[in-house]
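Using the working numbering, read the sequence shown as starting at -9 and increasing by one per residue.
All residues carry an ideal CB built from backbone N, CA and C; glycine is no exception.
Because the structure is a prediction, the values reported are computed rather than measured.
One structure is given below, encoded as structure tokens.
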Amino acid sequence: MSLTVDRLLVALEPLSYPDRLKHLAHSARSLHPTDELPSLVAELAGRGTYERRLATFAALVGRHIGFLAERLTDRDPVVRAYAMRAARTLPLPDAAIEAAYEDASADTRQRLGEVVLASGRTALAERLVPRLREQWGDHTAAKLLPVCSAEFVAAALPELSYALDSWTRIGLNFPDQVLDHAERDLAARPRAERDTSWHRYAEGVAAAVSARAERVLSMLERHRPDVLPAALVPRLNEFVAVDAERTVRLLIPADGVGQSYPPLPSASVLRRIVRADPPSLPALGRHWIGRAHFAVLLRALPPHRRSDFLDLATAGVESRDADDVLPVLGLLPRERRWAEARRWAAQRRETGGSWHEVLELVAYGPVAEARAELLAGTRRPDASDRARAWPLLIVNAARTRDRGCVREVLTELLRLRNEQDPVRCAALGALKDVRPDLFTADSTPQLDRILQDALEARDISHDTREAVRSLAVALLRENAADGEQALIAWSLGALERIAANVGVGYLGPLDRVLRRGQEHQVLDALRPWLDAAMDKGDYQLLFTLTGSLGRRAHRMPVLQGLLEEALRYGDDSAFATAARYWLEPPSGRDERVARILELEPSAAVLAPVERVLTERRTDLLDVLLGGPPPYGRFLKRGTRQTLPELRCAARWLPRQQAAAGAMAAGAADDRSQPLHRRAAAIRAAAAVPEHGRALALRYAESTDVVLAEAALAALVWADQPQDALPVLLAHVGDDRARVAVHAAARAARFAAPSRLAEQLGAVLTADEGVKVTSRKEAVRLAATRLPLPRAAALLAAAFAVPPRHPDVQATVVAFSAELLSEERTWSLLTAATEGPPQVLHAVVRPAAWSLPETHRPRYARLVGHVSRSADPEAATAGLRVLPLWARYAPDVVDGLSERVTGLGEGAGTRAVWRAAVTAIARLAVSGLPHPVGGAAPGNPLHDALTALLPAIAAGEPDAPEDRDLPARQRALALLRALPDRPGREIHQVLEAVAALLADEPSLAGARADVLRALVDPDADLPELTARLRDLAANATGRPALAAATAYQLRGRFGSGPLPSDPSTVLTAATGLTTTDDPATGLLAVALVSATGNRLGWPTDWRTALRALRRHPSPDVRDAALGVVLRTE
């Protein structure tokens, strides 16, 4: 058999890397699988690294399962990778994979998990999940859930859902189980936490839509988020297929909650909605009025429906902002567009709009009407005004799609010759966006003059040059196939002149804009210019065209032939560029590189050629590995031959690897070279099996800092990176730690946990001689690379070992959150709550959702303990997150109100009580049951206010001289912290607060803010009237407060979504005028002025305003007279 192996190795020697693998695969398949193949594999495996890798490949091809099963944890990464590939594709026994987990490195465990997932080993995954949870934690175990059974997933999700890194695959495989779990959680959460839960499950729910679209739609309706999760927006098509009307209602905010950033469905979704034509479609348009969304929706409608839809969506609403109208005008049918442009232009003139606002509207009208005014704009004395007018003139002509109008505009553009560049740039920027099919051969004289004037201008800018280049490319693309030759000639001439002006031209991404097969027509059209240029030795147009065609150039034999011609006859620069493009097509690349070397051996040093040699044509590689240098056009005699790219050295023959190692060692040893080059040689050599590691070890203890640090960093990129750990950890206490510790993180990834625990333990338990940064990194590695029991033990030791540095302890606490299944971790965390501020901050840093559900109550009490800390910074940090933990341990809010009502002065008191105020307000509206949420007696909000109100009522006589009304300031801060958005839980809280404040006159202004927040513009008439009367009663007899309340109410109704039924608002406002009370009258003025203005002052709203101008109260009359219906 030795003779067979030797013959095989001799046969492989002269072959390239791909051919070596093919020959080896053919040989392995030709051997008898039960005796000859095992003998060959065993003989090869008993030799060096190169032969072991060949043996493993032969075993993979020959399906030698026994050999591969024993190599799943092999130290050689190439051998291990072949074995893992076999585990994916061959029937390796589950027992072999399960056994491979024993004391496996982090890298091996990750790859084994990928194997289990890729090969769909359900039984093995279900056996591994409990084992991995116990040893490595929930995050590692949860990765295997996608290949478990449905029953197993349903049982495991409640405990492991928090640890899922990606929900997509599990949502695809188990839609019912994912939706069951998500719906249970959503139902258990108060509304304030609903959006957070939706965000957590969004990917899984989105993946389940393809199988359960109707159920997901129903879930969204039952547990409606304030904002549709982004992951669900791309799935709206499936929802539309189920029910378009329900989908549209989903896009319209419920409960009057306006969305600051509403989701924008794709154009295909909107077209599908439009085809279904649900009853709520006009309501969706009404909701999107004033946003860019409305124009997108209007574009999805067929042109003949757009006018009617615009009328429905804007019924009763008159926008005052022309910016809302401009995006819509361009989408309307021509006659309607002209009519709207005339109407809006006239309105802007009447209301004193600026000339450019009017001109923008005029530009949407017919050319005959707009031309004179637009031309006048281009002749204004101010250059910035002309820069605004020229694009409008051009766009106005382009909208007609009339070539004659475009020709006339081109004639006008000849006046740009003596213009300033900002004006010229704006005009040409608009011209390049004109549809290229609107230009004709008759336009070429004007185009030529425009180009010449631009290029000859003294102040020409990059943007101007780019505009004429884009125009030339657009015309070339449009006409290259079967267009007008005059325009092709102008385009090519323009590109040539631009290139002469600034350098190489660019044709743009032709591969993205040409139709299939049109690239051949472009080449045929350009062939005369190409041939003429190549005859003069100019290949620039050829290279520009090749680059612009991208991958399409790979399938164009004629173009590839022209590139080969450039190789033969071009100069050095043309040869290098042609070689790069000629080697881009994957097919034939190996043969082409040999052809290039035949034409010019020194081309081996060109980057594209060298890349092919090092990656594939290893049989031609010797020319770069220390033999006689290939002197020639690209490597001049006397020039030092550089080190070739070594990234793929694992594919080379042993003798080539030895030669590369020798070259790298020579480069590193060459003291005549700068240090950074010598260091680069050490780093590059790491990819060379065996030799790279030897070189790095030789320099690891160098006295030269640059070389030593390069060597330490390179060790973990060489083979066997785990063996570098002792070398790296020996530097944890010296100046090389900055590199060694960072490199150790990678080495630890490949180390067996049993060995790694000993090495990290020595660092973590050392009393001295270890830098703080090194200890912190060792803590991280122990927590993430060791089994949970061993990690918890090491972290507990690191927390207690002298000198007990706060930063080290804080790092220990931060990583202990992943080790809560170990009891000693809880002892550590309990001790940490009495630690220094850095440690206390680390205690409160984990998010509640990131911890296992079963441990959250216990951890919540730790957070509560920190929030009561005597250290102001730590207490503030704890109070900021306390509302997120209160649902798991309600007792953590005990004493919270005292952080606000305790008026004692001390360092940091302000930050603490302000954080407590925010926490109390968030808890009050959280929807959590009493005594955490709400404002009932015994709740933190109620307790805080009832404790502060007596002092406020008494005027705070006991306040120190150097403080001013502390109780009042804290009460007002607490009231300001309450949200004013709609919602049942929030309204209940606000009603209770308003009742508490009713007996304190000095807080009437604050109570007005609370009552105003209770006014819902979408409420029915009885509720709206009652809320408004309560608001007015609060200001009765207090004119200043009544005016301020009316002003703030006007702001509330004057912004945000329009009321769903404006007539209800008008009726309520009219009802307020039945008394002579100024407070009710002022509120009526606020309602009428805010809402009537947004509606465009319909007749009944004008009537109501005029009635208010005759109100018995002078203050009300003055307020109504201050509202102007139309500016003179």
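CB contact flag (residue i, residue j, <7 Å)
i	j	result
A720	L750	no
E340	V352	no
V68	R61	no
T1060	A1094	yes
L918	A925	no
V424	C395	no
A838	L869	no
T39	P679	yes
L532	E509	no
R327	L316	no
Q410	A373	yes
T608	E635	no
V168	G194	yes
V722	A714	no
A1076	A1036	yes
E33	V0	no
A377	V413	yes
L776	A735	no
A941	V890	no
Residue of the options minimising C-alpha distance to residue i
i	options	result
P255	E235, A220, P269, R276	A220
V51	S29, L80, L34, E33	L80
A879	D561, R117, R846, S857	R846
A787	L818, R75, T1060	L818
L610	E173, L643, R627	L643
L557	V548, A568, P547	A568
R181	R912, P120, L962, D472	R912
A850	T866, D861, V871	V871
Nearest-angstrom Cα separation, counted from residue j out to residue i
i	j	result
I1017	L1011	The question names Ile, yet the displayed sequence has Arg at residue 1017. One C-alpha to the other measures close to 10 Å.
S806	K766	13 Å
D724	V760	8 Å
E1129	L810	What the structure shows of the chain is the stretch from -9 to 1118, and residue 1129 is not part of that stretch, so it cannot be assessed.
L553	A564	9 Å
A593	E699	34 Å
L1115	E1013	29 Å
G248	E330	Per-residue confidence for G248 stands at a pLDDT of 48, beneath the threshold of 50, marking its modelled position as unreliable; no derived number is given.
R289	L321	6 Å
G1112	S857	52 Å
Y689	A701	6 Å
A686	H795	34 Å
D175	S887	30 Å
D298	R1019	40 Å
L218	H189	9 Å
D185	Q978	21 Å
R296	G973	36 Å
S1103	R877	52 Å
T763	L754	11 Å
P148	D170	10 Å
E446	A515	29 Å
Residue i - containing alpha helix (DSSP H), residue span
i	result
G537	530 to 539
V706	Premise fails: V706 is in no alpha helix (DSSP H) and is neither H nor E.
C415	411 to 421
V890	888 to 891
Y40	39 to 52
K12	7 to 20
Presumed contact (8 Å Cβ cut-off) between residue i and residue j, rounded CB distance
i	j	result
R1042	L1021	So it is not a contact: roughly 11 Å between Cβ atoms.
P1126	P620	No statement about residue 1126 is possible, as the shown extent of the chain runs from -9 to 1118 and does not include it.
A669	R637	Actually they do not touch by this definition, with Cβ atoms about 17 Å apart.
L30	H13	That belief does not hold up - the Cβ atoms of L30 and H13 are roughly 13 Å apart, past 8 Å.
Neighbour flag for residue i against chain D, beta carbons, 7 Å
i	result
V678	Absence of chain D from the displayed structure is noted, only one protein chain being present.
Residue i CB to nearest heavy atom of the ligand COA below 6 Å
i	result
L939	Although the ligand COA was asked about, the structure shown includes no ligands whatsoever.
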